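Data first, discussion second: the structure below is written as structure tokens.
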Amino acid sequence: MMSRFPFSSTPNSWFHLAWSDEVRRGRALHVRAFETELLVFRSSDGTVAALDAHCRRRDGHRHPDGHVIGDCYACPVDGLLFDGSGRCVGASGGTRRPVIASEPPLRSWPICEKNGMIFVYHHASGEAPGFALPELPELSSPRWLPVGRLDLSFPSHVQEVVENSVDLGHFQLLHNFTAHARLSRFETEAHTFTVTVEAPKLVFGFSLPADLTISYHGMGLAIGRVERPFPFLSLVTCLPIDGRLLRQRLTMFVRAPRIPVARHVMAAGLRWHVRRDLAEELRVLEHKQYLEHPVLVAGDGPVMKLRRWCRQFYLPSSEASPEASRGPEPVKAQTPSQGPRALTTTVSPVGAQIS
Amino acid sequence: MTEDPACSVLNEAHQSELSPRHRFREKRSDDVEDNAEAAARAPYTDGWFQVAWSKELAAGQVRSSRFFGRDLVLFREEQGTARAVDAHCPHLGAHLGVGGKVVGDCIRCPFHGFRFDGAGSCTHIPYADKIPARLRLFSWSVVERDGMIFVWHDHARQGPTRPLPGIDGFHADDWTEFTTYEMTARAGSLELLENAIGSPHSRKIQGSGAAQFEVLRTGPVLELKQPMAVPLFGVQVPATLHAHMSEPGFHTLRLEDLPITAALVVSSITPIDEATVSHRLSIALKRRGTGPLERLLFPLLRAVMARRMMATVQEDAPFWENKVFRASPGLGDGDGPIMLLRRWYAAFAPEVDAGASGAPLIQLGRSRQLQSNVVGEGNG
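As given, the protein sequences belong to chains A and B, one line each in that order. In our numbering, each residue's number is its place in the first sequence (first place is 1) plus 346. In our numbering, each residue's number is its place in the second sequence (first place is 1) plus 909.
This is how it looks when you write it as structure tokens:
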């Protein structure tokens, strides 16, 4: 079957792997991402690491959720201990030393934990992260109240969601704007872009002046800030699960006075509103066809400019072999302790698992 | 008959009553017949095809469909005209059938609210006055008649080269309304057609004896006549089956010389993609006044007949879903006018550049004798 999109399912960016509180100390979590499966764990000192969830040996078994001993992940299948760099450093049972020494390392992924979220960096040819993610000052302020999270999976592509942020025409029909959105700001700078749209919006039956500023950092993280009608902050992240499915997560905050009952009522109302706001849009995204040459009209917004900005996150098509995008080699900078054998492994068991 | 490995597989399949979806034989890629098979299944023929019944599309309703390997959207204008357009908006690609709405005589895209009329022209953009000429949706030629909605399909997307033929011997006043039945089958159009018209297998199941076909007409219109027995309420009722074919996408079967009435079946076969077809049956009985007999018995009769036909089609499913298409099958006397049918069908195949498609068009009616595995039973 022909692919739905003329580009790789996974651009090179930071992607939201899990919320920090999902991976507590001494726990491990499986996350499906990038056409494979990652194992995220937090050691007893609080550092998070992400490894390939499948063993590199020929049997390629999936490491179960297991448990963490010290700063190592202990696989309950074979009793081996892996540190954050993916190296096998010991065994919890009576496994002999030669076995431990010959155990091929697991691929370790670059990790960044910020704003209560764990991000992982994906690069089609395994390069080190090209940019850093920002720390949000709002989240450390007591005035901002978390109002909830949404976790949605649907067939689409990261770029479709990114493109939507500058698509001025869709706000009216899909997000209850009562007039055509006005673009008051559009700036692209290296790996980021910022867009501000303004228009009256129907909120709980009232048409109120509204604005929305979206800042993207790579293609995996969008920070949406609303000043009017009330201060609202939403972190919208996309994670490519495989060639078909996309996982979108929203982490929402509102700046509300510290009135115990009122703020919780407000939070519930907002959750309901956002969920309704997204439902129709997801249906459109799920069934739409990506047109390389859309017939654009005046007032559509800088869709083509945004597509050009997106191009920096893909390898030029000649470099992006399916092999490279599926099972890239471990990042050298992140795993300096790996032996030369690990780097020359040509067939990754992860690749073998999916094909 | 000579034992052909493929044929024995088919017979086994019949004995074990495999479900229609069960795939028990990998088709060999080096099979000489595969080219002919591919050509027989796709490309699709040119002509009129039924895509829906009128009752499935209410005024203001939008319906997503997939035919000829394409996504299309049917909608009915508020004034009542049925329309068919390509499913994806030329603006930014949204599917008009998912959240699209009919506004007056237009369909409104769910994404940006662009409106397109039945001819495919954009008539309204909520936020722009200038409408680019390139902003056009492909519009299919639609004809709605006798409770059925037909579209014209041709490869070049040029539009109809002939009008939709009427249903042979049908005047709405003389017949009851249609009882309808729809199924999706993993088969080629021609395979289903051969099964519906000419296979002794289906007649055997229907309980008829030897097959004697009388060809009434050949050329662009093919008409065949054949005596048969219809099992009704456990009794074998003798009848004459009159098949009339003028379009590759649908044909008419009339059951005549039945005791009380006559039956008419419009059987349409519309390709969904290269491997699947949508098969629709519309069954009507000849009216005989408005007495209690008609009011009570006819709906029952229609239901029984529909059920009977559905059962036949379902029983046949393992055969045409798994058979290999033979360009020149060795045909026994009981095989029906398969070659006649194929020759007639080939006239509707579009001119395709063989070099581009890689598959030469099927050569029909060659005298080369190959083992038959179309349906083996009639020969035995």
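We treat Cβ as the ideally placed atom computed from N, Cα and C, and that holds for glycine. Computed from a prediction, not measured in an experiment: that's the story for all the values here.
Outcome for A:Ile605 when other beta-carbon atoms lying within 10 angstroms are tallied against a minimum of 16: exposed
First and last residue of the uninterrupted alpha helix (DSSP H) at A:Gln505: 504 to 510
Here's a check: name, in chain order, each residue in its chain whose Cβ is nearer than 6 angstroms to the Cβ of A:Phe517, leaving out the five neighbours to either side. Phe523, Ala527
Using a Cβ-Cβ distance under 8 angstroms, would A:Ser502 count as near chain B? No, because no Cβ of chain B sits closer than 8 angstroms to the Cβ of A:Ser502.
Please compile the residues from chain B whose C-beta is within a distance smaller than 8 angstroms of the C-beta of A:Glu626. Gly1008, Pro1019
Could you give the DSSP three-state label for A:Lys634: helix, strand or coil? coil
Quick one: which residues of the segment 984 to 1012 of chain B get their C-beta closer than 9 angstroms to a C-beta of chain A? List them in chain order. Ala996, His997, Cys998, Pro999, His1000, Leu1001, Gly1002, Ala1003, His1004, Gly1006, Val1007, Gly1008
Does the Cβ of B:Arg930 have 16 or more other Cβ atoms within 10 Å, making it buried, or fewer, making it exposed? Caution applies to B:Arg930, whose pLDDT of 32 falls short of 50 and renders its modelled position unreliable; the model cannot decide the point.
When you compare the CB of A:Gly645 with every CB in chain B, is at least one pair closer than 8 angstroms? yes
Taking the DSSP output, what are the residues bridged to A:His413? A:Ala420
Going along the chain, which residues of its own chain have a beta-carbon closer than 8 angstroms to the beta-carbon of B:Glu1086, five neighbours each way excluded? Same-chain partners within the cutoff: Gly1056, Ala1193.
Decide yes or no for the touch test of the segment 614 to 622 of chain A against the segment 1008 to 1017 of chain B: beta carbon pairs closer than 8 angstroms, at least 3 of them. no
Taking all protein chains shown into account, decide if A:Ser349 is buried (16 or more other Cβ within 10 angstroms of its Cβ) or exposed. The residue is exposed, with fewer than 16 neighbouring Cβ atoms inside 10 Å.
Does B:Pro1035 come within less than 8 angstroms of chain A when only Cβ atoms are used? yes
So, is the C-beta of B:Leu1164 closer than 8 angstroms to a C-beta in chain A? no
Measure from the alpha carbon of B:Asp955 to the alpha carbon of each residue in B:Glu965, B:Met1137, B:Thr1179, B:Leu1133, then state which is nearest. Shortest Cα-Cα distance from B:Asp955 to any of B:Glu965, B:Met1137, B:Thr1179, B:Leu1133 involves B:Thr1179.
Name the residue from A:Asp513, A:Leu384, A:His537, A:Ser355 whose alpha carbon lies nearest to the alpha carbon of A:Tyr562. Its Cα nearest to that of A:Tyr562, the residue A:His537 stands out among A:Asp513, A:Leu384, A:His537, A:Ser355.
Along chain B, which residues have their Cβ under 9 angstroms away from the Cβ of A:Gly406? Correct list: empty, because the minimum Cβ distance to chain B is about 28 angstroms.
List, in order along the chain, the chain B residues whose C-beta lies closer than 7 angstroms to that of A:Pro648? Near A:Pro648 there are no residues of chain B at all, since even the closest Cβ is about 13 angstroms away, more than 7 angstroms.
Find out if the Cβ-Cβ distance for the pair A:Leu706, B:Gly1002 is shorter than 8 angstroms. Residue 706 of chain A is absent from the model: chain A starts at 347 and stops at 701.
A:Arg402 to A:Pro483 span [Cα, whole Å]: 41 angstroms
Helix, strand or coil for B:Leu919, going by three-state DSSP, please let me know. Any reading at B:Leu919 needs caution, since the residue's pLDDT is 34, under 50, leaving its predicted position unreliable; the model's value is listed next. It is helical.
CA nearest to the CA of A:Ala644, picked from B:Lys964, B:Phe1023, B:His997, B:Leu1190: B:Phe1023
Determine the closest residue to B:Met1092 out of B:Arg1189, B:Leu1141, B:Ala968, with distance taken between C-alpha atoms. B:Arg1189
Proximity below 8 angstroms, CB of B:Arg985 to CB of B:Leu966: yes
Can the beta-carbon of B:Gly1158 be found closer than 8 angstroms to that of B:Gln959? Cβ distance < 8 angstroms, so B:Gly1158 and B:Gln959 count as in contact.
Taking A:Leu452 as the reference, which of A:Pro475, A:Val641, A:Ala399, A:Asp417 has the closest Cα? Checking every option, the nearest Cα to that of A:Leu452 belongs to A:Ala399.
Does the Cβ of B:Arg1211 have 16 or more other Cβ atoms within 10 Å, making it buried, or fewer, making it exposed? buried
At least 3 beta-carbon pairs within less than 8 angstroms: the segment 1120 to 1127 of chain B vs the segment 1035 to 1042 of chain B: The way I'd put it, the segment 1120 to 1127 of chain B doesn't touch the segment 1035 to 1042 of chain B; fewer than three beta-carbon pairs between them come closer than 8 angstroms.
Where B:Tyr1036 falls: helix, strand or coil (DSSP): coil
In this structure, how does DSSP classify A:Pro586 when only helix, strand and coil are distinguished? In the three-state reduction of the DSSP assignment, A:Pro586 falls in the strand class.
Got a sec? Which residues, its chain only, sit under 7 angstroms from B:Asp1063 by beta carbon, not counting five neighbours each side? Asp955, Pro1259
Which one or two residues does DSSP pair with B:Leu983 in a beta bridge? B:Arg972, B:Ala993
Buried or exposed for B:Gln1223, going by 16 or more other Cβ atoms inside 10 Å? If you draw a 10 Å sphere on the C-beta of B:Gln1223, you find fewer than 16 other C-beta atoms in it, and that means exposed.
Roughly how many angstroms separate the alpha carbons of B:Ala1105 and B:Phe1207, rounded to a whole number? 24 angstroms
Counting pairs of beta carbons, one from the segment 582 to 595 of chain A and one from the segment 377 to 385 of chain A, are three or more of them closer than 8 angstroms? yes
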